[in-house]
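Below you'll find the structure, written out as structure tokens, and then a few comments.
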Amino acid sequence: MLIKQYQITLPADYDMEIIRDRVANKGESFDTFPGLGLKCFLIQEKGKLGSRSNRYAPVYLWPSAETMLGFLAGPAFGGIKEAFGVPPVETWAGFALARAGRFSDPARITFVTREEVTLSPDTDLVSLRNRERDAAHTAVNRADGALVRAVGLDPRTWHLVRFDYWATTPAELPSGVQGYEVLHVSAPAIGELKDTAPA
Numbered sequence: 029m030l031i032k033q034y035q036i037t038l039p040a041d042y043d044m045e046i047i048r049d050r051v052a053n054k055g056e057s058f059d060t061f062p063g064l065g066l067k068c069f070l071i072q073e074k075g076k077l078g079s080r081s082n083r084y085a086p087v088y089l090w091p092s093a094e095t096m097l098g099f100l101a102g103p104a105f106g107g108i109k110e111a112f113g114v115p116p117v118e119t120w121a122g123f124a125l126a127r128a129g130r131f132s133d134p135a136r137i138t139f140v141t142r143e144e145v146t147l148s149p150d151t152d153l154v155s156l157r158n159r160e161r162d163a164a165h166t167a168v169n170r171a172d173g174a175l176v177r178a179v180g181l182d183p184r185t186w187h188l189v190r191f192d193y194w195a196t197t198p199a200e201l202p203s204g205v206q207g208y209e210v211l212h213v214s215a216p217a218i219g220e221l222k223d224t225a226p227a
């Protein structure tokens, strides 16, 4: 699994209805996109849940690098470049993935959070991965837990990222956690995403 996100920061006075309309018109085209595990069309609006800016920030889960590269080289990402310029694309190697037993309908996802952790270069990655697998399964099996947790590793910058996918919007966010409203969910190849077993 690979995790990918690009965050397009928009002007403070940008009319976010433009993004909502864009997703309403284009989102369904991803419902049959070959090889796409899960895509959440995300936005942040300035002043809501601590956001300091307006952003369009989709996050993707890809079963393989080949399908992700096909997207980046194809017309779908070409539309992003034409509309917004070429955004930096963050990618992470899949470190852990867990889905709640009650997770059966991706459209239930209405909110996503992102948390980053800085690692020491001498971190024991085997032990860390075992802990993250256990923590992911715990997170999605709490009564008030997320529906999905995807954890990724960037070994270039030694950062860990955790994306939690929720059915409800929290009243507030913990310090250091970013929150995003979900406008649309596409999951044509979600069956190809394999949960990691607890340690």
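Using this note's numbering, read the sequence shown as starting at 29 and increasing by one per residue. Glycine included, C-beta positions come from ideal geometry on N, C-alpha and C. These numbers come from a predicted model, not from an experiment.
Setting aside the 5 residues that flank it on each side, leucine 38 is surrounded in the same chain by Asn82, each with a C-beta closer than 6 Å to its C-beta; the list follows chain order. Where arginine 83 is concerned, the enclosing beta strand (DSSP E) starts and stops at 82–84. Inter-residue distance for proline 86 and threonine 95 is about 16 Å (C-alpha atoms, whole angstroms). Per DSSP, arginine 170 lies in no alpha helix (DSSP H) and is assigned neither H nor E.
Rounded to the nearest whole angstrom, the CA to CA distance from phenylalanine 123 to proline 115 is 24 Å. For threonine 141, the enclosing beta strand (DSSP E) covers residues 139–146.
Taking 9 Å as the cut-off, the beta carbon of valine 210 is found no closer than this to the beta carbon of isoleucine 108. Out of Pro103, Ala135, Leu201 and Asp182, the CA that lies nearest to the CA of threonine 146 is found in Asp182. From the listed residues Thr224, Ala225, Ala227 and Val213, the smallest Cα separation to glycine 65 is found for Val213.
In this structure, valine 176 sits away from valine 189, with a CB-CB distance that is not shorter than 9 Å.
With respect to glutamine 206, threonine 141 sits close: the two C-beta atoms are nearer than 9 Å. By a beta-carbon distance limit of 8 Å, leucine 97 does not contact methionine 29. Their separation comes to about 14 Å.
Around the CB of threonine 224, 16 or more other CB atoms lie within 10 Å, so the residue is classed as buried.
DSSP places glycine 122 within a strand segment (E or B) once states are collapsed to three. The C-beta distance from phenylalanine 139 to threonine 185 rounds to 26 Å, too long to fall under 8 Å, and the pair is not in contact.
One alpha carbon belongs to phenylalanine 105, the other to phenylalanine 99, and they sit about 6 Å apart. Secondary structure at alanine 40: coil, using DSSP grouped into helix, strand and coil. Distance from the CA of glycine 113 to the CA of glutamine 35, rounded to the nearest whole angstrom, comes to 12 Å. The Cβ atoms of arginine 161 and proline 91 do not sit closer than 9 Å to each other.
Here DSSP, grouped into helix, strand and coil, assigns alanine 164 to helix.
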